[in-house]
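S.K.: This structure is in structure tokens; I'll ask about it shortly.
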Amino acid sequence: MTATTSHPSRAAEILSRPVTLNGLTVPNRIAMAPMTRMFSPGGVPGEDVQAYYASRAAAGVGLIVTEGTYVGHESAGQSDRVPRFHGEEQLAGWAKVAAAVHEAGGTIVPQLWHIGMVRKQGEAPYADAPAVGPSGIRVDGTEGTGRAMTRADLDDVIGAFADAAADAARIGFDGVELHGAHGYLLDQFLWERTNRRTDAYGGDAVARTRFAAEIVAAVRERVPAGFPVIFRYSQWKQEAYDARLAQSPQELEAILAPLAAAGVDAFHASTRRYWLPEFEGSDLNLAGWTKKLTGRPAITVGSVGLDGDFIRAFAGEGAAIGDIDNLLDRMERDEFDMVAVGRALLQDPQWAAKVLGNRFDELQPYDAAALRSLSR
1 MTATTSHPSR AAEILSRPVT LNGLTVPNRI AMAPMTRMFS PGGVPGEDVQ AYYASRAAAG
61 VGLIVTEGTY VGHESAGQSD RVPRFHGEEQ LAGWAKVAAA VHEAGGTIVP QLWHIGMVRK
121 QGEAPYADAP AVGPSGIRVD GTEGTGRAMT RADLDDVIGA FADAAADAAR IGFDGVELHG
181 AHGYLLDQFL WERTNRRTDA YGGDAVARTR FAAEIVAAVR ERVPAGFPVI FRYSQWKQEA
241 YDARLAQSPQ ELEAILAPLA AAGVDAFHAS TRRYWLPEFE GSDLNLAGWT KKLTGRPAIT
301 VGSVGLDGDF IRAFAGEGAA IGDIDNLLDR MERDEFDMVA VGRALLQDPQ WAAKVLGNRF
361 DELQPYDAAA LRSLSR
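Quick look at the structure:
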């Protein structure tokens, strides 16, 4: 397959429109999806990371969402090669990344991340820090080696996210994305399987959302009024691909409404395949329902431009070029506002330029070897 749409000029018409997220105008509808790369020794993003993001912005990506970057809490992560968003050297590295993306003509937000009970104790960068979560329960439903969070833990993590957001604004980023998806800490609170608390942070959907909403509110207080706060969430989890936060639009609204009220400006609804309807009786995908229920801008994601989902990439599998007519149909009727592209941009930094320039015959299938370096 050499073309991914039956009407190439239509892609440019639909995707090249600017979009506003709070006070930020993004030049087009294409975002780079956050993808953990582990090329930041000591948690410091270097010149190769600068070039990696800037090259995508230079080729037409309107919004860069960085790989997940650990907030300043000792239990936030488990790899010393994943970038951190705290510390003088780390923030200096990130400031250079933001400047490089701006010089290339793009906008950029860091994805602020705490992995919670996914953490394996004994690993860098803080080997002695315990894994923490709402109830000390892992995504698979088993008790991990960590513990349930205390009131002091909750306050510390809220403060860590707020500090990171304030630092993002200070060093030149255009907004922030809070990682509330895929079974990591914020998602562990949202999901009833991992949140079995009996206090104000557990119980029904609204109570399970309280912790994430308090983080959003704390972030909102520490950043300028026009600084967009994006919240990423998902139904599926790492190691639990069939998991669901919500079985109906009503259940989803119970989760999203408190987040919107707390100050979320846009939602990033993570799915493995963007074209699948989320609830029976409607063709809307998860991002479409998100926009309908909250009135906030929504970003869709999931195997854009490819014919297989990303899970296969971790097994070393590639993916052929896929059709984007369905994506364009949905964007044309304003089902959602932006599309985040992952593996297709990992494979080819020029993907956005080729799509916006009607150069579909130049698109490349995804090769899992692209995961091995930042050099592309």
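Each residue of the sequence shown is one higher than the one before, starting from 1 at the first, in the numbering used here.
We put the CB at the ideal spot given by N, CA and C, even for glycine.
Keep in mind it's a predicted model, so treat the numbers as computed, not measured.
1. Alpha carbon to alpha carbon, how far is A31 from A344?
2. Please determine, among D329, V49, V61 and E143, the residue with the shortest C-alpha to C-alpha distance to E67.
3. Does DSSP put P34 in a helix, a strand or coil?
4. How is the alpha helix (DSSP H) around T290 delimited, first residue to last?
5. Within 10 Å of its beta-carbon, does E278 have 16 or more other beta-carbons around it, so buried, or fewer, so exposed?
6. On the DSSP letters alone, give me the boundaries of the beta strand (DSSP E) that P110 sits inside.
7. Decide if E362 is buried, meaning its Cβ has at least 16 other Cβ atoms within 10 Å, or exposed.
8. What three-state label does DSSP hand M338 in the structure shown?
9. Here's the rule: buried if 16 or more other CB atoms are within 10 angstroms of the residue's CB, otherwise exposed. What is K291?
10. In the DSSP assignment, the alpha helix (DSSP H) including Y241 goes from what residue to what residue?
11. In whole angstroms, give me the CA-to-CA distance for F231 and G295.
12. For the putative contact between S270 and H182, defined by C-beta atoms under 8 Å, what is the C-beta separation to the nearest angstrom?
13. So L91 packs on D265, CB below 8 Å; how close in whole Å?
14. Using the Cα positions of H7 and N326, report the straight-line distance between them to the nearest angstrom.
15. Specify the secondary structure class of R151 as computed by DSSP and reduced to three states.
M.R.: Result, derived from the coordinates:
1. The residue you call residue 31 lines up with position 31 of the sequence shown. The residue you call residue 344 lines up with position 344 of the sequence shown. Roughly 12 Å between the two C-alpha positions.
2. The count along the sequence shown starts at 1 and reaches residue 67 at position 67. Measuring from the Cα of E67, the nearest candidate turns out to be V49.
3. Taking the sequence shown and counting its residues from 1, the one referred to as residue 34 is at position 34. In this structure, P34 counts as coil in the three-state DSSP scheme.
4. What you label residue 290 is simply residue 290 of the sequence shown in a count that begins at 1. T290 -> alpha helix (DSSP H) spans L286 to T294.
5. Taking the sequence shown and counting its residues from 1, the one referred to as residue 278 is at position 278. With 16 or more Cβ atoms within 10 Å of its Cβ, E278 is classed as buried.
6. Start at 1 with the first residue of the sequence shown, and residue 110 comes out as number 110. From DSSP, the beta strand (DSSP E) with P110 extends over T107 to W113.
7. Reading the sequence shown from its first residue, position 362 is the one you call residue 362. Burial call: exposed.
8. Here residue 338 refers to the residue found at position 338 of the sequence shown. Three-state result, M338: strand.
9. Taking the first residue of the sequence shown as position 1, residue 291 is located at position 291. K291 comes out buried.
10. For this step, residue 241 is matched to residue 241 along the sequence shown. No alpha helix (DSSP H) holds Y241; DSSP gives it neither H nor E.
11. For the purposes of this step, residue 231 is taken as residue 231 along the sequence shown, with counting starting at 1. For the purposes of this step, residue 295 is taken as residue 295 along the sequence shown, with counting starting at 1. One C-alpha to the other measures close to 14 Å.
12. Counting from 1 along the sequence shown, the entry for residue 270 is found at position 270. Counting from 1 along the sequence shown, the entry for residue 182 is found at position 182. That belief holds up - the Cβ atoms of S270 and H182 are roughly 7 Å apart, short of 8 Å.
13. Walking along the sequence shown from the start, residue 91 turns up at place 91. Walking along the sequence shown from the start, residue 265 turns up at place 265. The pair is not a contact, with the Cβ atoms about 23 Å apart (cut-off 8 Å).
14. Your numbering for residue 7 matches position 7 in the sequence shown. Your numbering for residue 326 matches position 326 in the sequence shown. For H7 and N326, the distance between alpha carbons rounds to 12 Å.
15. Against the sequence shown, residue 151 aligns to sequence position 151. In this structure, R151 counts as helix in the three-state DSSP scheme.
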